[in-house]
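Okay, so the sequence shown: first residue is 31 according to the working numbering, each after it adds one.
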Amino acid sequence: MKAILKRYWPYLKDYKFEYFLVLIGIVFTVTATAATAHIMKPLMDDLFIAKKEEMLYLIPLGLIGIYIFKSIGRYIQMVYTNYIGQHIISRFREILLEKMINLDMGFLYLNRSGELISRITNDIERIRYFVSKMLPDLIRESLTVIVLIGYIIYLNPLLAFYSLVVMPLIIYPIIVIAKKLKKYSIRSQEKNADVVSRLTEVFNNSEIIKANATEKFELERFSIENWKFFKINMKSVYVGSIVSPMMEIVGAIGLAAVIFVGGREVYNNNMSVGEFTAFLTAVGLVFQPIRRIGSIYSSIQDAYAASIRVFEVLDIKSEIIDGKELLEKDILHIEYKNVSLKYEASYALENITVEIQKGENLAIVGDSGGGKSTFINMLLRFYDPSEGVILINGEDIKKFTQHSLKHHISLVSQRIYIFQDSLALNVAYGQDVDEKRVKEALALADASSFVESLEDGIHTKMEEFGANLSGGQRQRVAIARAIYKHSSLLLFDEATSALDNESEKRIQKALDSYTKDKITITIAHRLSTIEHADKIIVMQKGAIVACGTHADLLKNSSLYQKLAGKFES
Ligand SMILES: Nc1ncnc2c1ncn2[C@@H]1O[C@H](COP(=O)(O)OP(=O)(O)OP(=O)(O)O)[C@@H](O)[C@H]1O
Ligand SMILES: [Mg+2]
């Protein structure tokens, strides 16, 4: 409990004013609750026994008054606890997304998107429940218990002792149950992440599923996770539901003790009927909040488990440390100096040394899995070299802020990404839309004719993942996006693989003059894409095995000859 509060404190302290109002509401309700017990005394002694007539009016009015007071208190509590809850959950959503999206590419590659979404939605929901429901409830119920017990002791200390001896009977089992629930709760959240992951995977891969008619297979796989989730949740229901009935029984024992001991006191004329009734009411009222505290205590474990998962993410430190210098000038020179990169145990790049200058067009060819994509991803600092350095304009790439560095780089990645926005916004992604420039970029990417065929031209809305475009059209949009950015470094990772030879040639011709004063790095499997490159490097198993122009390599590199043979066939 303390641990949770400590973690939440930095966020909770911003709601001091709201919590203060909640507290006022709580004081209202607690006072009213105690008054409900207290009013029993005049009801019995003055109205029923002494038969004072004015009490016939006063007590009902008093009762209504008490409940109005209580309702006002409840309303204030309700509004402000929910305010805190809703507010904090919105904040946490942003904090988490900000954290996750700023983490290393390595983290994002490694973690299933469903898992991350589950943390941002499900786990946070449980946190909301904690700050806006459980915490205020806990305070209110505890305060009610304290006030009522105080009142009981004030009425009759001896009787109070007898009625409260049963308390320890309640506390121990609750602690045991709470521990069990915490375990189930962690497992339940993990399972929830599995279920969401399966769902995101199904929808992301729907094309493959449909093509292979594996709907049933996927449904079965989903069903397994889904019912595991059900089972875990039911386990915590079985255990968690014991708390309340158990307390009911213990409460009944307490009440029975009071009736037995107190009844005798009244019988012997040591206590008035009114006092006894007020006492009995107070004891009856005290068990309800104790029961609530018990169940809150056990479900706090659930919130605790959720917060562990959330704070775990917040605590992750990026391995890629952002630089401080701004890269203001264009990228004029890139140098890889003995660069190696290890993914876990194996090398993805080994001892790479290359130099590229403004105006040059470097091409990379090689086996699949040879490290080509890794090579260019390092310029975007998706990963930092395990050994060696990458120099930009003669300075270590790590010195620059990633924001300023990336401002100068355009990437057309192997997988194409389309956002659910208009075509124009997709091309201008992240920048202001200048329609003329959008059209120019699309023209350079050989997309003019396809854009003209669209009903709303560049204002046509793109579907999720670009579902309303063909593979080649998607690639053209991605190329246009890279062109629109006007960066000094262009990275094309299989950027034209989905295009026919004719379109590719057209784009290349168009890009020739555009890239004259820029650095271009092109990865391609098709020879025609790269044969005019200034320099071609051949990569195999993470190493550069040959380097030169098309003509050089055809003469000297057996691997290139082999690849060329493959390309041409
Ligand atoms: N995020 C990653 N974590 C671990 N290993 C990775 C990761 N990304 C790539 N690899 C490994 O690094 C090696 C190089 O991958 P890379 O994507 O650079 O190859 P590539 O040359 O671009 O291949 P292709 O032509 O198929 O695109 C591969 O063996 C791959 O398994
Ligand atoms: Mg690749």
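For every residue, glycine included, the Cβ atom is placed at its ideal position computed from N, Cα and C.
### Message
Using a Cβ-based criterion (distance less than 6 Å to any ligand heavy atom), does S253 qualify as near ligand 2?
### Response
no
Alpha-carbon to alpha-carbon, G324 and I204: 6 Å
Below 8 Å on the Cβ atoms is my contact criterion, and I expect I254 with E248 to pass it. Report the Cβ-Cβ distance as a whole number of Å.
I254 to E248, Cβ: 11 Å. No contact.
Practice problem: Specify whether the segment 137 to 145 and the segment 208 to 227 touch according to this definition: at least 3 beta carbon pairs, one from each stretch, less than 8 Å apart. | Solution: yes
Apart from the five residues on each side of it in sequence, which residues of its chain come closer than 8 Å, Cβ to Cβ, to I488?
S452, L453, A454, V457, E465, V468, K469, L472, V481
Closer than 6 Å to a non-hydrogen atom of ligand 2 - does that hold for the CB of K402?
yes
Tell me whether the beta-carbon of V52 lies closer than 7 Å to the beta-carbon of Y113.
no
Exposure of K428, with buried meaning 16 or more beta-carbon neighbours within 10 Å | buried
Requested in this report: Specify the secondary structure class of Q219 as computed by DSSP and reduced to three states.
Outcome: helix
*Any idea what DSSP makes of K367, helix, strand or coil?*
strand
query: In or out: A177 buried (at least 16 other Cβ within 10 Å) or exposed?
result: It is worth fixing the name first, because residue 177 is Val in this sequence and not Ala. So V177 ends up on the buried side.
Open item on the list: Please report the distance separating the alpha-carbon of L211 from that of L168.
Closed with: 18 Å
Looking at C-alpha atoms only, which residue of Y544, Q450, S543, I509 is the closest neighbour of S533? I509
Worksheet item: Is it the case that the CB of Q444 approaches a heavy atom of ligand 2 more closely than 6 Å?
Response: yes
- Mark E524 as exposed unless 16 or more other C-beta atoms lie within 10 angstroms of its C-beta, in which case mark it buried. buried
Please state whether DSSP places E231 in a helix, a strand or coil.
helix
By Cβ distance, which residues of its chain are closer than 8 Å to L73, with the 5 residues on each side in sequence left out? M85, I89, G304, T307
Next on the checklist: Please state the DSSP three-state secondary structure of E587.
Outcome noted: Looking at the sequence itself, residue 587 is Ser, so the reference to Glu does not match. Three-state DSSP puts S587 in coil, outside helix and strand.
G324: beta carbon under 6 Å from a heavy atom of ligand 1? no
Note to self: Below 8 Å, how does it come out for the segment 490 to 499 and the segment 411 to 424: are there three or more Cβ pairs, yes or no?
What the structure shows: no
| message | Am I right that A378 and G572 are in contact with their C-beta atoms under 8 Å? What's the rounded C-beta distance? | response | 5 Å
Open item on the list: Output needed for S337: all residues of its chain with C-beta closer than 7 Å, excluding positions within five of it in sequence on either side, in chain order.
Closed with: I34, R37, I157
- Message: Out of R170, D44, L584, D476, which one is the CA nearest neighbour of T526?
- Response: D476
For the candidate residues H363, H433, Q219, G284, whose alpha-carbon lies nearest to that of D153?
-> Q219
Quiz item: Is V206 buried or exposed, if buried means 16 or more other CB atoms sit within 10 Å of its CB?
Solution: exposed
In this structure, does DSSP put K71 in helix, strand or coil?
helix
Hey, could you find the ends of the alpha helix (DSSP H) I326 is sitting in?
-> 303 to 345
query: Heavy atom of ligand 1 less than 6 Å from the Cβ of A508, yes or no?
result: no
Fill in: DSSP three-state assignment for F449, whether helix, strand or coil
coil
* Which residue from A208, N132, L138 puts its Cα closest to that of Y334? -> A208
Please determine if the segment 275 to 283 and the segment 311 to 324 are in contact, where contact requires at least 3 C-beta pairs separated by less than 8 Å. yes
M31 (DSSP reduced to helix, strand or coil):
coil
Separation of Q432 from E355, as counted between CA atoms | 9 Å
Q. Using a Cβ-Cβ cut-off of 8 Å (strictly less than) and excluding sequence neighbours within five positions of K359, which residues of its own chain qualify?
A. N423
Rounded to a whole number of angstroms, what is the C-alpha to C-alpha distance between I56 and P166?
8 Å
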